[in-house]
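Data block below; observations after.
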Amino acid sequence: MDIIAGIRRRIRDFAHKLKYPREDFGKIGLHCKIGYDCTLVPKNMFLDDYVVIQNRVNFVSSDGKLIVKKYSVISTECIIIPGTHLAAPGIPFYFQTIAHYGDESSSIEIDEDCWVGAACVLLQKAKLGRGCVVAAGSVVTKPFPPYAVIAGVPAKIIGVKFSKEDLMRHEAAIYPPHERLTEQQVDQLFAHHYAGLKPMKKCDMAEVERFNAAAAIRNYSNA
Ligand SMILES: CC(C)(COP(=O)(O)OP(=O)(O)OC[C@H]1O[C@@H](n2cnc3c(N)ncnc32)[C@H](O)[C@@H]1OP(=O)(O)O)[C@@H](O)C(=O)NCCC(=O)NCCS
């Protein structure tokens with residue numbers, strides 16, 4: 019049975035690779051994972067290394083782009099739409115949606131290490147700063163600063179991913195020095211956006227140390 023399941027998986031993986039050839043993407047980095055049953059427009063997608071698009075993600079775009087930086091995950095059932103129809107007197111939506119007459123489109127940008135929860139909708143003005151967490155079912159309609167935890171319809175900041183100390187530790191663990199936020203930038207973030215907000219629930223640190231993200235990333239990079 020295991021052998022049959024293995025063969026089935028290989029066939030499915032092969033068909034999946036045919037469905038999304040690397041050369042069809044605007045850009046696709048190394049170690050990116052695209053889930054099953056997604057509806058995508060690869061030519062408008064620009065994915066860095068280590069990006070995960072989970073199953074049944076729907077990227078709807080005639081022109082708009084999706085730019086995702088390394089380590090970010092877009093969870094299952096998300097819908098990403100970097101464009102909209104404008105009101106056009108005299109033209110019914112039937113024709114507008116076929117011809118994309120006067121549509122407005124933009125780029126949705128998801129910076130490094132963001133987690134977009136299941137069934138979120140990202141609309142054309144959405145931009146997520148590094149490390150953002152988007153709660154399941156949120157509708158994102160505007161830009162958010164690094165490490166914001168956002169939720170709701172429309173999404174609003176409800177928390178911050180880390181305490182200041184954990185944030186600095188996280189940056190030092192996963193980014194080379196020239197990519198890290200400076201202490202001054204982190205201070206400004208907390209002063210402007212996160213005063214009085216609580217950090218997200220934290221993993222058991224013993225587990226975190228056992229996993230050792232830095233070592234895992236080095237291993238993946240060498241794979
Ligand atoms: C956001 C999330 C990570 C929890 O973060 P947290 O900081 O631990 O938050 P808490 O559970 O303490 O909730 C904080 C507040 O946000 C609210 N909240 C949490 N998730 C929410 C959601 N999806 N939508 C709206 N509000 C939400 C809570 O009700 C709570 O409100 P309160 O302070 O008024 O009681 C989690 O709720 C979530 O949405 N996870 C995504 C799961 C998922 O999509 N997985 C996909 C497979 S990878």
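The sequence shown begins at 19 in our numbering and counts up by one.
Cβ coordinates follow ideal geometry from the N, Cα and C atoms, glycine included.
Asked: Does DSSP put A166 in a helix, in a strand, or in coil?; Found: strand
Asked: With DSSP as the reference, label M223 as helix, strand or coil.; Found: helix
Asked: Would you list, in sequence order, the uninterrupted beta strand (DSSP E) runs of no fewer than 3 residues that lie entirely inside the segment 126 to 157?; Found: none
Asked: Are T57 and N73 touching if we call contact CB-CB under 7 Å?; Found: no
Asked: Sorted by chain position, which residues of the same chain lie with C-beta nearer than 8 Å to K143's C-beta, five sequence neighbours on each side aside?; Found: S124, T159, K160 and P161
Asked: Starting from L58, trace the alpha helix (DSSP H) both ways and give me its first and last residue.; Found: Here L58 belongs to no alpha helix (DSSP H), and DSSP marks it neither H nor E.
Asked: On the CB-based measure, 16 or more other CB atoms within 10 Å of its CB, does G170 come out buried or exposed?; Found: exposed
Asked: Taking all protein chains shown into account, decide if P60 is buried (16 or more other Cβ within 10 angstroms of its Cβ) or exposed.; Found: buried
Asked: What is the DSSP secondary structure of M186, counted as helix, strand or coil?; Found: helix
Asked: Taking the CB atoms as reference points, tell me whether C132 and S156 lie closer together than 7 Å.; Found: no
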